[in-house]
Amino acid sequence: MRPPLRFPEDLITLQRAWQQAYAELAQTPTGSTELRRQLITLSGALCTHPYWAASADWRTGGVELRRAAHTSAPADEEAAA
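Start counting the sequence shown at 3; every next residue gets the next number (this note's numbering).
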């Protein structure tokens, strides 16, 4: 069994922002040009993040990144809890 991947915090933050923009876009289908642009920009930043240059299995890493961003709380929320 392969050990779990460890992602840099900035990559997890990017993924959280992408997920938030995606959720907002799903709730606001009309008049959402700005959200679409934001999602495209975040997608580019995620795909070209330096972490992926060193990772051989980016497809599996992408799935694990989405899980990590979804299940871990941001530092602000952890401090408030």
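Beta carbons are placed, not taken as given, at the ideal position from N, Cα and C, and that holds for glycine. As the structure is a prediction and not an experimental result, all values here were calculated from the model.
Can you tell me whether alanine 25 is buried or exposed, with buried defined as 16 or more other CB within 10 angstroms of its CB?
-> The count along the sequence shown starts at 1 and reaches residue 25 at position 23. So alanine 25 counts as exposed.
Between the C-alpha atoms of phenylalanine 9 and alanine 56, what's the straight-line distance to the nearest angstrom?
-> Locating residue 9 in the sequence shown gives position 7, counting from the first residue. Locating residue 56 in the sequence shown gives position 54, counting from the first residue. So the two alpha carbons sit approximately 12 Å from each other.
Residue nearest to arginine 18 in terms of C-alpha spacing, selected from Pro52, Ser45 and Ser34 | Here residue 18 refers to the residue found at position 16 when the sequence shown is read from its first residue. Answer by Cα proximity: Ser45.
In three-state DSSP terms, what is arginine 8?
-> Here residue 8 refers to the residue found at position 6 when the sequence shown is read from its first residue. Here DSSP, grouped into helix, strand and coil, assigns arginine 8 to coil.
In whole angstroms, what is the alpha-carbon distance linking glutamate 66 and proline 31?
-> Mapped onto the sequence shown, residue 66 falls at position 64. Mapped onto the sequence shown, residue 31 falls at position 29. Each residue's CA atom was taken as its position, placing glutamate 66 and proline 31 some 28 Å apart.
Within 10 angstroms of the Cβ of alanine 28, are there 16 or more other Cβ atoms? Answer buried if so, exposed if not.
-> Numbered from 1 along the sequence shown, position 26 holds the residue referred to as residue 28. Answer is exposed; the Cβ neighbour count stays below 16.
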